[in-house]
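>
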Ligand code: NDP
Ligand code: GDR
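Numbering (full-length UniProt numbering), first residue to last: 1 to 370.
Now the structure itself:
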């Protein structure tokens, strides 16, 4: 049985990847931070009672900023594969916490690579580094491929650029099997609530159910190449099964503005939106409500722009060219954007209906602030 070590196991990708590897018969070890409240919602269904025999899923406390912890864990686990997914992954927040982001996302990657080297596991342990389309930043070329130059536009992007190159350097210097997956945005029903897609599908569901009046977003013109996280974690595994260690772009090859994602989310529940105004004056209004379950007034304002969500420097356009992954590894996306929006909206509507029962019963209050 192969043994995998996943940092960031409590995150969106960590949860899907754990599920995927366990189905493949792996023993999975995950790195989890100590938190004052449980934060294992995404992996609770995989949790196993520590008192039973034959477990195949283990959680360990640790942090990407703690070298001795990482060295000890890798020594104990002796992994065949490490998936380094842990990161302060929110681009806007990285402007607020640039030093910590550099430490966790940049130096954290070095700590993993160097632990493997120090422990003499260079020939045994394969390493996947969660690189990102944020490396491309300011548009140099479209679509973006493995050969497009990098120009990161945030402390997050810059930290990930260090992580990218230190991974390449350890591969070249020490012959390690270490790869970068340059993944474009990927989303799902378990996406963090403050990333734009999930913020939109949650807010759309609340608005449809009458639990919220309107949503506030930042830059509606930004264009992203959005795929489904389930398709992308499969690719992380495929990358580590290839004969040679290389770097790979994973993307759908289509791009969509944030505004269109909003329109598609409302359309999913039978609500037609129209947008009026420009820049910070832009607003979204209900043009038609074709679903009798929802009583939305025609002309109701459901979307406004709040400049507080603008970033000091923005990445305007991302569109990836996944030709290499498709031709050399045979990767295909099963979900297109429409299927992704549907999956997220169905899940969030259910969640919000549950909230509605709790609120109606006096057991809960809603938190509108995201
Ligand atoms: P999430 O934000 O959902 O998960 C991040 C994970 O990292 C969480 O488990 C988090 O723990 C953990 N983490 C954060 N800081 C530390 C730390 N200092 N020590 C240990 N663990 C830490 O991200 P995703 O699952 O979406 O992304 C996975 C990786 O892929 C990240 O590295 C991200 O930057 C990268 N990426 C993501 C893309 C996407 O579109 N999703 C695209 C390209 C790259 P906790 O739960 O305690 O917060
Ligand atoms: P991104 O994702 O920055 O691409 O990073 P995010 O969903 O945060 O933003 C996408 C685009 O939407 C615009 N936007 C808003 N974003 C947020 N979060 N909230 C808003 O209200 C809002 N309004 C407009 C943003 O300005 C941006 O242009 C994600 C993360 O998962 C990274 O870890 C990963 O590396 C990249 O994707 C690829």
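Quick reminder that beta carbons are idealized off the backbone N, C-alpha and C, glycines included.
Going by the DSSP bridge assignment, what does residue 129 pair with across the sheet?
84 and 180
> Could you tell me whether the Cβ atoms of residue 86 and residue 157 are closer together than 9 Å?
no
> Alpha carbon to alpha carbon, how far is residue 222 from residue 203? Give it in angstroms, no decimals.
Using only the alpha carbons, I get a separation of about 19 Å.
> Assign residue 395 to one of three DSSP states: helix, strand, or coil.
With the chain represented from 1 up to 370, any question about residue 395 goes unanswered, as that position is not in the structure.
> How many whole angstroms separate the CB atoms of residue 215 and residue 303, which I take to be in contact at a CB cut-off of 8 Å?
Contact flag correct, Cβ pair sits at about 6 Å.
> Any heavy atom of the ligand GDR within a distance shorter than 8 Å of the CB on residue 170?
no
> According to the Cβ coordinates, are residue 316 and residue 139 closer than 9 Å?
yes
> Among 242, 37 and 329, which residue has its Cα nearest to the Cα of residue 381?
With the chain represented from 1 up to 370, any question about residue 381 goes unanswered, as that position is not in the structure.
> Taking C-beta to C-beta, are residue 305 and residue 240 nearer than 9 Å?
no
> State yes or no: is the C-beta of residue 288 nearer than 8 Å to some heavy atom of the ligand GDR?
no
> On a CA-only basis, which of 54, 346 and 112 is nearest residue 163? Give me that one, please.
When only C-alpha atoms are compared, the closest one is 112.
> Can you look up residue 57 in the DSSP assignment and give me helix, strand or coil?
strand
> Rounded to whole angstroms, how far is the Cβ of residue 331 from the Cβ of residue 325, which I believe are closer than 8 Å?
4 Å
> In the DSSP assignment, find the unbroken alpha helix (DSSP H) run with residue 329 in it and report its ends.
323-329
> Please check if any C-beta of chain D sits within less than 9 Å of the C-beta of residue 253.
Given the protein chain composition of this structure (a single chain), no chain D is represented.
> Tell me whether residue 13 is buried or exposed, calling it buried when 16 or more other Cβ atoms sit within 10 Å of its Cβ.
buried
> On the premise that residue 248 lies in contact with residue 181, defined as a C-beta separation below 8 Å, what is that separation, rounded to the nearest angstrom?
5 Å
> Hey, which unbroken runs of the alpha helix (DSSP H) at 4 residues or more fall wholly within the stretch 177-248?
196-208 and 229-241
> Give every residue whose Cβ lies closer than 5 Å to any heavy atom of the ligand GDR, listed in chain order.
Any residue whose Cβ sits closer than 5 Å to a heavy atom of the ligand GDR makes the list: 89, 91, 132, 133, 134, 185, 195, 196, 217, 218, 219, 222, 258 and 309.
> Going by DSSP, name the residue or residues bridged to residue 30.
6 and 59
> Can you name, in chain order, every residue of its own chain whose Cβ lies under 7 Å from the Cβ of residue 246, other than the five neighbours on each side?
Cβ contact annotation for residue 246 (same chain, cutoff 7 Å, sequence separation greater than five): 179, in chain order.
> Is residue 187 near the ligand NDP, in the sense that its beta carbon is under 8 Å from a heavy atom of that ligand?
yes
> Candidates 91, 328 and 279: which alpha carbon is nearest residue 152's?
Considering only alpha carbons, the answer is 91.
> Quick one: using the 10 Å Cβ neighbour count with 16 as the cut-off for buried, is residue 280 buried or exposed?
exposed
> Considering Cα atoms alone, identify which of 347, 206, 349 and 61 is closest to residue 33.
61
> Using a Cβ distance threshold of 8 Å, determine whether the stretch 56-73 contacts the stretch 121-131, with at least three qualifying pairs required.
The way I'd put it, the stretch 56-73 doesn't touch the stretch 121-131; fewer than three beta-carbon pairs between them come closer than 8 Å.
> Can you tell me whether residue 38 is buried or exposed? The criterion is at least 16 other CB atoms within 10 Å of its CB, across all chains shown.
With fewer than 16 other Cβ atoms inside 10 Å of its own Cβ, residue 38 counts as exposed.
> Looking at the ligand NDP, does it come within less than 8 Å of residue 28, judged from the CB to the closest heavy atom?
No, the beta carbon of residue 28 sits no closer than 8 Å to any heavy atom of the ligand NDP.
> On the CB-based measure, 16 or more other CB atoms within 10 Å of its CB, does residue 79 come out buried or exposed?
buried
> Relative to the alpha-carbon of residue 84, which residue among 129, 97 and 286 has its alpha-carbon at the smallest distance?
129
> Assuming the contact rule is C-beta atoms closer than 8 Å, residue 74 and residue 116 should be a hit. Round their C-beta distance to whole Å, please.
6 Å
> For residue 174, report the span of its alpha helix (DSSP H) as first-last.
For residue 174, the enclosing alpha helix (DSSP H) stretches over residues 155-174.
> Would a C-beta distance cut-off of 9 Å place residue 321 and residue 189 closer than the cut-off?
no
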